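Written out below as structure tokens is the structure these notes cover.
Residue numbers (the working numbering): 62 to 324.
Next comes the structure, spelled out in structure tokens:
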């Protein structure tokens with residue numbers, strides 16, 4: 062017992078008499094060698110394909126749950142939380158908004174100034190644009206649905222009118238309206254038994270008819286100013302957020318413009 066007591070005393074004395082720990086200085090960071098603090102890919106990106114437009118197959122029954130629900134036992138998980146009302150950030154190579162996947166603007170690595178949504182030009186005569194503004198809708202490509210399916214809620218549409226009317230109107234060459242898509246998918250309008258065009262609902266801004274020629278040099282989608290009208294032959298096409306800002310600023314330049322006029 063005496064030996065044990067002596068050993069314990071010696072151990073305690075050694076611990077108490079040990080020198081204090083010396084703090085190590087953190088390394089110096091050279092800001093010149095730190096990589097730039099930027100989000101996004103380190104290589105330029107480009108859009109090569111248009112995102113698939115959501116659709117509904119005939120005879121679909123939305124009461125039938127898809128098999129992954131049972132396989133993943135989502136019903137059991139939803140006893141604890143459903144996720145309702147929770148906004149989730151998604152990083153994807155592309156998405157089109159739909160009733161099942163409502164998308165909100167975020168960021169865009171292809172168009173650095175963009176927000177991940179799409180902006181469009183719709184080439185329509187002024188008379189048809191005026192009817193659309195009164196009815197809060199747009200049609201495209203003579204009532205066909207394929208381009209309307211590519212649009213998502215929140216997308217902006219600029220309307221360009223080459224003529225006052227179609228097909229016999231006077232030359233106009235002006236932007237005549239601008240609005241935002243406010244529904245989730247195209248629908249058919251019963252105009253007559255032989256004509257049931259597809260439409261999207263749009264909220265229009267209060268804006269002024271604006272000739273295109275003074276803006277040609279500023280618009281990115283016009284690659285060749287000598288052939289500036291070529292792009293409009295496709296009827297409906299995407300534009301950059303920068304081009305949208307150029308056109309919208311020109312059309313709503315007066316202080317009392319820029320408000321939604323759709324009832």
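Cβ atoms here follow ideal geometry from the backbone N, Cα and C, with glycine treated the same way.
Only a predicted model underlies this, so the values are computations on that prediction, with no experimental measurement involved.
For residue i, does the count of other Cβ atoms within 10 angstroms reach 16, so buried, or fall short, so exposed?
i	result
residue 209	buried
residue 126	exposed
residue 95	exposed
residue 218	buried
residue 255	exposed
residue 220	buried
residue 91	exposed
Excluding the 5 residues preceding and the 5 following residue i in the sequence, name in chain order all residues of the same chain whose CB lies nearer than 6 Å to its CB.
i	result
residue 394	The chain is shown only over 62 to 324; residue 394 falls outside these bounds and no answer can be derived.
residue 179	216, 299
Go through its chain and collect everything with a Cβ distance to residue i's Cβ below 7 Å, but skip five positions before and after it.
i	result
residue 322	Low confidence applies here, because residue 322 scores a pLDDT of 49, under 50, leaving its location unreliable; read the following figure in that light. So the list reads 265, 266, 267, once near-sequence residues are dropped.
residue 261	198, 199, 209, 212, 242, 244, 247
residue 102	170
residue 280	304, 307
residue 309	239
residue 139	none
residue 311	271, 276
residue 257	249, 250, 251
residue 324	Interpretation of residue 324 is limited by its pLDDT of 45, a score under 50 that renders its predicted location unreliable; the figure taken from the coordinates is listed afterwards. Excluding residues within five positions, none has a Cβ falling inside 7 Å.
How about residue i and residue j: are their beta carbons less than 7 Å apart?
i	j	result
residue 238	residue 194	yes
residue 132	residue 186	no
residue 184	residue 293	yes
residue 300	residue 182	yes
residue 222	residue 235	yes
Pop quiz: residue i and residue j are said to be a contact at Cβ under 8 Å. What is the actual Cβ separation, rounded to whole angstroms?
i	j	result
residue 326	residue 130	With the chain covering only 62 through 324, there is no way to say anything about residue 326.
residue 128	residue 206	Contact flag wrong, Cβ pair sits at about 30 Å.
Using C-beta distances below 8 Å, list every residue in its chain close to residue i, excluding the 5 sequence neighbours before and after it, in chain order.
i	result
residue 274	234
residue 285	291
residue 230	186, 187, 188, 224
Any chance you could list the beta strand (DSSP E) runs of at least 3 consecutive residues sitting entirely within the stretch 189–261, in chain order?
217–224, 232–242
Report the start-end ranges of each beta strand (DSSP E) in the stretch 283–321 that is 3 residues or longer and not cut off at the edges.
297–300
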